[in-house]
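Numbering of the sequence shown is given in full-length UniProt numbering, commencing with residue 1 and proceeding in unit increments.
Using N, Cα and C, we set each Cβ at its ideal position, and we do this for glycine too.
I have placed the structure first, in the form of structure tokens, so that the comments after it can refer back to it.
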Amino acid sequence: MNRFKASKFRHTEARLPRREAWISGIRAGSVPSCGSHVKASCRWIAFSAEAAGVLGIVPLECQDGGKRTISQLCCHSDVVTDFDFSPFDQLLLATGSADETVKVWRLPEGGQDIPSGSGLTLGPGGAPVDTLQFHPTADAVLASGAGRRVTVWDLGQQQPLTVLDSHGDQLQSLTWKRDGRLLGTSCKDKKLRIFDPRAGPAASQSVLGHDNNKDSRLLWMGSSDCLISVGFSQMREREVKLWDTRRLSGATLTMALDTSPGEKTSCTASRWPLHSQHSPRVSRSPPTRISPRGGLTAAWPPSPGPPSCPTVTQCRTEGSTRGLGAVPRLALDVMACEVLRVLQLTDTALVPVSYVVPRKSVQEFHEDLFPDCTGMLPATDAQGWWAGDSQQVGRVSLHPARRPTETFTSPIIAGTVPTNAGHTDTDTGHTDIDTGHTDADQSEASGYSSPSSLASPGSAATSLSASTGPSSGFASSPSQKSLQSILGPSSRFRHTQGRVLHRDLHLTNLRGLSLTTPGESDGFCANLQRVALPLLSAGGQIAVLELSKPGRLPDVAVPTIQNGAAVADLTWDPFDPQRLAVAGEDAKIRLWRIPEGGLQETLQEPEAVLRGHTEKIYSIRFHPTASDLLVSSSYDMTVRIWELSTGQEVLCLQGHTDQIFSMAWSPDGKKLATVSKDGRIRIYEPRRSSQPQQEGPGPEGGRGARLVWVCGGDYILVSGFDSRSERRILLYQAQALSEGPLSVLGLDVAPSTLLPFYDEDTSVVFLTGKGDTRVFLYEVSPEPPYFLECNSFTSNEPHKGFVFLPKTACEVRDVEFARALRLGQSSLEPVAFHVPRVKKEYFQDDLYPPTRVWWEPALSAGAWLDGQDGQQRRASLRPADMVPVSEAPKEAPSRKFVPASVYLEEKTDEQKKEELLSAMVARLGNRDDPLPQDSFEGVDEDEWD
């Protein structure tokens, strides 16, 4: 008669906490993935943050008087698709990403820092990682799904144990059976598959799952032979199916939930065991949670007897659900009869939802609700499990007095050994502390750094700290200012404001502008004195306008440069403001000298003509430190370096196999980097070899690319397109170009190539394209997350070009750190970028370090060609009458509220009465004054008749 027994969870209540108990103010990620977006161990909660490649980390339990510190973990160069905590080591976190790698991290004990580098990295595997899950019985075994295959890893050896690749389409989810013997997967080909990884890579069973291939999730019901899957029916109804692996020909139960426009459904369950009572059916079990990502959380226990799922409770939550995760059973408040705790991830908060079974007494431990559960000591290791060891994890009591205090530390990350810390003998009360000793060299070998120079392995606690990997990569917030902590390190320039300067400084009535310059060119060029604009007229005419003479240009023709061929690119000599270099489509470079005061008549004869290229020229660049040196790239796929004093070609660089999109000198002038249509980035040392010194993979798309050296010449930033025509920026380490980009950031979808300008004094890069209305700003950092977003500048109409002026053009009194010229349809407008500051009367020396004297060469062309190198001196931008803000006197904080006694004199009662009486009399006026009607004129008596 047991089949008619009611579930003990039938009265379960879902209790939403007060808003004060929410972890609020976060910014959750919304990138679609196969993961649940939030996971928890007994120590930490991890969730997907808005920034790409970043996870938010928060302690599970409140600290410091009920406050939680929200931090971020910058773990990948692309979107984090899934992550999972080890069931044994509560500080071990595995992450998978669209950058095709899997990383394993060791989070700290409370109050410590986190390593900037992962403990170990697996991959890349040839496809984005979709899903991850640790093995339930063996330590250091991890299953990862990428593309159409599942890889089972031995993390200790950092090698795959097996690859399960018999899937017909994109993998959607995977799940281990609780005993660790079998693995289940769901796939976009609508099939569910069961694998025995140790028996072979082929699926032992498969069955058609849900009729719609949109999305599905699979969950093994503990150690039983039953699975639960959630997905979509052919009519797009979200449905739940119960499967029995002993009869996998069809579902034993199908239950439709609702109709959804297409959002994913997440299915998770708490780590509760299912008790088999010698019945082929599923016996009583704790609630399983099915959550559509919209706001409804429902719980069912698969009932005893015939397959059915009676509803236990439903909880209507606030806001859209981004993800759902369960808290481990060992972290529940068992004395409050909490049988389940769900973490709901919304756009701006983490909401813990507790499921409680009402009982009369909450001071006793209820054995019927809380049977012994799976412990946290692994039954075997990776090699033992692979050899056939199928031992099960020991069970432990949830009774507070009998709960074990032993912990396990996995040895898979270098510098740690398995430890049982704080093991208590319940009979004697004796406590033994066994911590693995870690030498300093082991800590260094693992890639971890000490939080300060004072750290030393002088104690067990310090040794453990070194082994767990403290570092500055985990940016912790001192208080729950969640927005800043989730976004991570913030830029000093995040509040940058760009504004178009007054119309009196504009050049207007520009007519006949050429808008057909190649994409490799900026379109026009400018220095502190003048601007050169290609015109649409035949013969490659160029207008040269003086910036010191703004206003409306006359309707008549202005003097121009007659280049003789269509303009491909043009640039000013940084050391000679009167010399303009123009590359023509006739494969020639012409040097023009502008008279002092500007063009007064049309120029027809260049100062010099450089000949050597056999095809159209792409771009030209002057050397940053040596005078009279110019580099050019051409359709003949060569890069040539010219000495202008002699007008001769001195070096020719080979090695390109397709069109050269862009090239850039390193800041010290020693190296030259190029990016080309063949998808390769090359670095040359021209004085040593004509062949590239390094090569690496560039942007995928062949539509165009630009590059610029950043961070003192140690890194290269490349803007380009991906295979889906999305504009993106990539950051490379110059000394490790072949290893690929350190970080990739997608921006938007637009047809024009992003033109980067890098300010070496502030490390801010400006990005915009021809025809855009927006200028992106990012501060580039050599540490993760590499790109710190700043306020962007938006104009009302598209610009035809956007060129930046030298640093000395900035007005430091207005805290302006960059100035540009924006070319519109018929006007040229100056745009100033400044940082809002309160004390503008002081020189902001934190924003204006000594700048390079770019207008003075460090050496001549001949000296550079002979192998010499030189550095330009630096000069301060501080005006003589301004005091640095770092030397400003410290002001005492002013009082917000000033008492009235400070500015009002105290008066006696007699004085107050006298003032009151005077005021009343003044309002009544003088009673001796005549009434208004007394002044009216009367009428004669006979007029009344």
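Chain-order list of residues whose beta-carbon lies under 8 Å from that of residue i (same chain, five-residue window excluded)
{"i": "G231", "result": "S186, G209, H210, N212, K214, D215, S216, R217, R238, E239, K241 and T265"}
{"i": "K840", "result": "R813, D814 and V815"}
{"i": "G584", "result": "G540, N563, G564, A565, A566, V567, A568, R590 and I617"}
{"i": "W44", "result": "I57, V58, P59, L60, F85, Q90, L91, L93 and L107"}
{"i": "S233", "result": "H210, D211, N212, E239 and A256"}
Same chain only: Cβ atoms within 6 Å of residue i, ignoring 5 sequence neighbours per side
{"i": "P606", "result": "R590, L591 and W592"}
{"i": "G325", "result": "S36, V38, K39, A40 and L343"}
{"i": "T151", "result": "S144, P160 and V163"}
{"i": "E546", "result": "R530 and G598"}
{"i": "P404", "result": "V396"}
{"i": "S633", "result": "Y618, S619, V639, I660 and M663"}
Reference residue i; option with closest CA among the options
{"i": "R530", "options": "R18, P574, S224 and L653", "result": "P574"}
{"i": "S249", "options": "A256, C226 and L257", "result": "C226"}
{"i": "F83", "options": "V339, L174, Q872 and Q497", "result": "L174"}
{"i": "Q654", "options": "Y684, Q648 and F661", "result": "Y684"}
{"i": "S206", "options": "G168, A49, P518 and A199", "result": "G168"}
{"i": "T409", "options": "E760, L93, W22 and A401", "result": "L93"}
{"i": "R822", "options": "L580, D368, S48 and G769", "result": "G769"}
{"i": "A875", "options": "V356, R852, Y758 and E779", "result": "R852"}
{"i": "T137", "options": "D89, E100, L171 and A127", "result": "D89"}
{"i": "D636", "options": "S619, F622 and T614", "result": "T614"}
{"i": "A861", "options": "K800, L644 and P806", "result": "L644"}
{"i": "I716", "options": "V780, T657, R621 and S690", "result": "V780"}
{"i": "K677", "options": "H656, S666 and R359", "result": "H656"}
{"i": "D658", "options": "G669, W665, G679 and H799", "result": "G679"}
{"i": "L73", "options": "R923, G117, C42 and T81", "result": "G117"}
{"i": "G740", "options": "V838, S77, E338 and G53", "result": "S77"}
{"i": "G801", "options": "T517, L580 and P411", "result": "T517"}
{"i": "C711", "options": "A331, Y732 and F47", "result": "Y732"}
{"i": "R873", "options": "K67, E856 and W864", "result": "E856"}
{"i": "R724", "options": "Q735, L707, G551 and P751", "result": "P751"}
{"i": "Q170", "options": "V79, V558 and G147", "result": "G147"}
Helix, strand or coil at residue i [DSSP, three-state]
{"i": "A736", "result": "helix"}
{"i": "L653", "result": "strand"}
{"i": "V885", "result": "helix"}
{"i": "T321", "result": "coil"}
{"i": "E695", "result": "strand"}
{"i": "E811", "result": "coil"}
{"i": "K907", "result": "coil"}
{"i": "M335", "result": "helix"}
{"i": "M920", "result": "helix"}
{"i": "Q868", "result": "coil"}
{"i": "A94", "result": "strand"}
{"i": "K912", "result": "helix"}
{"i": "G712", "result": "helix"}
{"i": "G436", "result": "Because G436 sits at a pLDDT of 36, beneath the cut-off of 50, its placement in the model cannot be relied upon, and the following sentence gives the value as read from the coordinates. Reduced to three states, the DSSP call for G436 is coil."}
{"i": "R590", "result": "strand"}
{"i": "L330", "result": "helix"}
{"i": "A705", "result": "coil"}
{"i": "residue 946", "result": "The requested residue 946 does not occur in the structure, where the chain is confined to residues 1 to 945."}
{"i": "R611", "result": "strand"}
According to DSSP, residues forming a beta bridge with residue i
{"i": "C187", "result": "L171"}
{"i": "A664", "result": "A673"}
{"i": "S166", "result": "According to DSSP, which records beta bridges pairwise, S166 is partnered with nothing at all."}
{"i": "E789", "result": "Y778"}
{"i": "Y355", "result": "A14 and L340"}
{"i": "W642", "result": "L630 and E649"}
{"i": "F83", "result": "T95"}
{"i": "D154", "result": "V141 and Q159"}
7 Å Cβ shell around residue i - same chain, five flanking residues per side excluded
{"i": "D347", "result": "A28, G319, S320 and R322"}
{"i": "Q497", "result": "N791, H834 and P836"}
{"i": "A705", "result": "F661, S662, V675, G698, P699, V718, S719, G720 and T753"}
{"i": "I413", "result": "V104, R106, G119, L120 and S446"}
Any non-hydrogen atom of the ligand GDP within 7 Å of residue i CB
{"i": "R874", "result": "Among the components modelled here there is no ligand, and therefore nothing to report on the ligand GDP."}
TODO: Enumerate, from N- to C-terminal direction, the unbroken beta strand (DSSP E) stretches of 3 or more residues contained entirely within the UniProt domain "DUF1899" (485-551).
DONE: As for any beta strand (DSSP E) of minimum length 3 sitting wholly inside the UniProt domain "DUF1899" (485-551), the runs are 497-500, 530-534 and 541-546, ordered along the chain.
- [ ] Only counting runs of 4 or more residues, tell me where the alpha helix (DSSP H) segments fall wholly within the segment 370-396, in order along the chain.
- [x] Here the runs fully enclosed are 382-386.
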